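Here the structure is laid out as structure tokens; the discussion comes afterwards.
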Amino acid sequence: MLNRITLLFVLISSIITAQAQVISEVDFDAVNRNIQDPKSDYYYQDLVDRMMAHDTTLGLADYHHIYYGSAEVEGYSPYGDSDKLDVFKEKLSAGAFDDALDVGVKIWKSYPGNIESVYNLLICADAMQNKPLAQQYANHYFAFLEVIYRSGTGRSIEDAWVVMRVRDEYLVLNDMGLERSQQALLDGPTDEMTLTKESRKKMKKKDRVKALYFNVAKPFESMSKMFKK
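Residues are numbered in this note's numbering as their position in the sequence shown, beginning at 1, plus a constant of 23.
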């Protein structure tokens with residue numbers, strides 16, 4: 024079974040890498056050129072440094088390059104968690120918010136494009152009742168979500184939202200106040216999230232759909248590289 028799964032990931036990766044890296048509305052070729060060019064306004068490390076300093080002048084194009092450029096930098100982990108995540112959760116549950124915040128920031132720095140880590144820091148800052156800090160993390164969090172929303176319509180395989188981690192799909196659904204009844208992996212590779220009847224009723228009539236679609240080509244490509252090692 025493992026060999027068949029490995030073959031699937033390797034095959035998908037070969038198809039993906041053999042083509043120009045344009046998925047939905049995301050031009051990965053352009054993103055990668057920009058983040059690796061020290062003279063570019065979107066040089067990755069410069070953007071990350073500004074984000075970590077909570078620079079309010081960062082725009083959606085900047086977050087776009089941080090999020091979609093993360094696949095090409097050290098620390099990209101679309102499926103795994105930081106070994107410090109359990110420590111963060113323990114500190115947060117124990118009310119040791121300052122310690123939890125320190126650990127959470129270290130997790131975020133290890134993978135700056137990890138939206139879930141920003142969400143965890145937002146929760147921590149809110150628990151500390153530090154409204155200014157919570158607002159800073161909220162700014163980052165919702166900017167990243169907006170980047171995903173602008174990557175496609177999410178209404179079809181061809182125009183799926185492009186995510187760098189499968190867990191980001193659940194953050195999007197949570198932000199929209201929607202729940203899934205089932206999930207299926209389709210061509211693309213794309214995750215099809217079938218919505219519950221209750222969730223569909225929450226949507227505006229003109230926007231109502233049975234399912235939403237998320238392109239997971241980059242996470243698949245990353246996993247296939249792991250199998251090849």
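Note that CB positions come from ideal geometry on N, CA and C, so glycine has one too.
All values derive from a computational prediction rather than experimental measurement.
Asked: Minimum C-alpha distance to Asn238 - residue among Gly200, Met216, Arg223 and Lys224; Found: Met216
Asked: Rounded straight-line distance, which links the Cα of Phe111 to that of Val126; Found: 6 Å
Asked: Leu218 and Ala234 closer than 9 Å at C-beta; Found: yes
Asked: Alpha-carbon spacing of Lys114 relative to Lys229, whole angstroms; Found: 44 Å
Asked: Exposure of Asp253, with buried meaning 16 or more beta-carbon neighbours within 10 Å; Found: Any question about residue 253 goes unanswered here, given that the chain covers just 24 to 252.
Asked: 9 Å Cβ cutoff met for Ile46 and Ala240; Found: yes
Asked: Straight-line Cα distance separating Gly92 from Phe51; Found: 8 Å
Asked: Cβ shell of Gln159 (< 7 Å), same chain only, five flanking positions each side left out; Found: His77
Asked: Euclidean distance between Cα positions of Tyr142 and Ala53; Found: 28 Å
Asked: CB contact flag (Ser245, Tyr102, <9 Å); Found: yes
Asked: Residue span of the alpha helix (DSSP H) that contains Ala53, given as start and end; Found: Phe51 to Gln59
Asked: Short Cβ contact (9 Å threshold) for Tyr86 with Met75; Found: no
Asked: Buried or exposed (CB count within 10 angstroms, at least 16 for buried), Glu48; Found: exposed
Asked: CA-to-CA distance, Ile171 to Pro61, given in whole angstroms; Found: 25 Å
Asked: Three-state class that DSSP yields for Val186 in the structure shown; Found: coil
Asked: Spatial distance of Gly175 from Gln205 (CA atoms); Found: 21 Å
Asked: Asn57 burial status per 10 Å Cβ neighbour count (16 or more: buried); Found: buried
Asked: Cβ-based burial, Leu194 [other Cβ within 10 Å; buried from 16]; Found: buried
Asked: Inter-residue Cα distance where the pair is Pro242 and Arg188; Found: 6 Å
Asked: Chain-order list of residues whose beta-carbon lies under 7 Å from that of Ala157 (same chain, five-residue window excluded); Found: Leu145, Ala148 and Asp149
Asked: Local Cβ density within 10 Å of Glu97, reported as buried at 16 or more and exposed below that; Found: exposed
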